[in-house]
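Asks: A single structure is presented below for examination.
Residue numbers (my numbering): -2 to 215.
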């Protein structure tokens, strides 16, 4: 049996909040987690839809039924199957979206937020892309393991914020300590909230305020 690969086009879906215009100060690219859809994931970001933020939620290209053979559809950025090509595909997809929206022409700050599985996706994109990312928000997830030993220079040079729920059932106490120590070593701002593995509107607003405070200090 012989294995082959070839490239073929796909139709990608994304959602936005706000408008990209001369009043836009921040462009947010927000990447959902495993078994989520972008149209649901973007909803808490309505809390920062204030005319200064343009929010973009790309949806992963791989869809499946979250339970069984029917019911609620969901999406995933990748699995372990054909791993390298999956990563290359979503890096190219995010680069293409950046170009499609002419974000390289915008004078706004680019904030990349990854949640859960979206953190690994976002970290690999930062590492691989030539597009500018000003701020990386790591929300309840871990960066790609291949970028940690040694730490990707692209990530080290990006301003970081780490967000975690105090009662996140998917992050063990031992793992939390390891991630916390890594974030401190990278001079990341740290936000802890009373909650679990979830994106909350109040937390999103707090992240926005924290980023503004960081910008004012720099």
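Where a beta carbon is used, it is the ideal one built from N, C-alpha and C, also for glycine.
Thinking C-alpha only, which one of 155, 62, 173 and 106 is nearest residue 189?
Replies: Sequence index remark: in the chain shown, residue 189 carries index 192 (1-based). Selected option, being the one with the closest Cα: 173.
Asks: Helix, strand or coil: how does DSSP classify residue 186 here?
Replies: Along the chain shown, read from residue 1 onward, the residue named residue 186 stands at position 189. Note: residue 186 maps to strand in three-state DSSP.
Asks: Of all the options 4, 163 and 207, which has the alpha carbon lying nearest to the alpha carbon of residue 108?
Replies: By 1-based counting over the chain shown, the position of residue 108 is 111. Ranking 4, 163 and 207 by Cα distance to residue 108 puts 207 first.
Asks: So, helix, strand or coil for residue 179, using DSSP?
Replies: The residue you call residue 179 lines up with position 182 of the chain shown. Residue state, collapsed to three classes: helix.
Asks: Quick one: is residue 114 buried, meaning 16 or more other Cβ sit within 10 Å of its Cβ, or exposed?
Replies: If you number the chain shown from 1, residue 114 lands on position 117. With 16 or more Cβ atoms within 10 Å of its Cβ, residue 114 is classed as buried.
Asks: My assumption, with CB atoms under 8 Å, is that residue 161 sits in contact with residue 168. Please give the rounded CB distance.
Replies: Sequence index remark: in the chain shown, residue 161 carries index 164 (1-based). Sequence index remark: in the chain shown, residue 168 carries index 171 (1-based). That belief holds up - the Cβ atoms of residue 161 and residue 168 are roughly 7 Å apart, short of 8 Å.
Asks: To the nearest angstrom, how far is the alpha carbon of residue 28 from that of residue 91?
Replies: On the chain shown, position 31 is the one that residue 28 refers to. On the chain shown, position 94 is the one that residue 91 refers to. Spanning the two alpha carbons is a distance of roughly 10 Å.
Asks: In this structure, does DSSP put residue 197 in helix, strand or coil?
Replies: In the chain shown, residue 197 corresponds to position 200, counting from 1. Looking at residue 197 - three-state DSSP - the assignment turns out to be coil, as it is neither helix nor strand.
Asks: Tell me whether residue 218 sits in a helix, a strand or coil according to DSSP, three-state version.
Replies: With the chain covering -2 to 215 only, the question about residue 218 has no answer from this structure.
Asks: Just the C-alpha distance for residue 9 and residue 76, rounded to the nearest angstrom, thanks.
Replies: Taking the chain shown and counting its residues from 1, one reaches residue 9 at position 12. Taking the chain shown and counting its residues from 1, one reaches residue 76 at position 79. When rounded, the distance between both Cα atoms is 18 Å.
Asks: Quick check on the burial criterion: 16 or more other C-beta atoms within 10 angstroms. Buried or exposed for residue 132?
Replies: The residue you call residue 132 lines up with position 135 of the chain shown. Flag for residue 132 reads buried.
Asks: Only counting the same chain, and skipping five residues up and downstream in sequence, which positions put a Cβ closer than 8 Å to that of residue 105?
Replies: Locating residue 105 in the chain shown gives position 108, where the first residue counts as 1. Same-chain partners within the cutoff: 17, 21, 22, 23, 24 and 51.
Asks: Considering only the beta carbon of each residue, do residue 137 and residue 194 sit closer than 8 Å?
Replies: The count along the chain shown starts at 1 and reaches residue 137 at position 140. The count along the chain shown starts at 1 and reaches residue 194 at position 197. Cβ distance < 8 Å, so residue 137 and residue 194 count as in contact.
Asks: Residue 120: buried (16+ other C-beta within 10 angstroms of its C-beta) or exposed?
Replies: To locate residue 120, count along the chain shown from 1; it is residue 123. So residue 120 ends up on the buried side.
Asks: Give the straight-line distance between the Cα atoms of residue 39 and residue 47, rounded to the nearest whole angstrom.
Replies: Within the chain shown, numbered from 1, the residue matching residue 39 stands at position 42. Within the chain shown, numbered from 1, the residue matching residue 47 stands at position 50. Going by the C-alpha atoms only, they are around 15 Å apart.
Asks: Does the beta-carbon of residue 55 have 16 or more other beta-carbons within 10 angstroms, so that it is buried, or is it exposed?
Replies: On the chain shown, position 58 is the one that residue 55 refers to. Label assigned to residue 55: buried.
Asks: Beta-carbon within less than 8 Å of residue 197's beta-carbon, same chain only, minus the 5 sequence neighbours each way: which residues are those?
Replies: As a first step, residue 197 must be located in the chain shown, where it is residue number 200. Result list for residue 197: 41 and 190, in chain order.
Asks: Identify whether residue 161 lies in helix, strand or coil by the three-state DSSP scheme.
Replies: Start at 1 with the first residue of the chain shown, and residue 161 comes out as number 164. Residue state, collapsed to three classes: strand.
Asks: Kindly list the residues whose CB is nearer than 6 Å to the CB of residue 13, restricted to its own chain and excluding five residues on each side of it in sequence; keep chain order.
Replies: In the chain shown, counting from the first residue as 1, residue 13 sits at position 16. The residues are 53.
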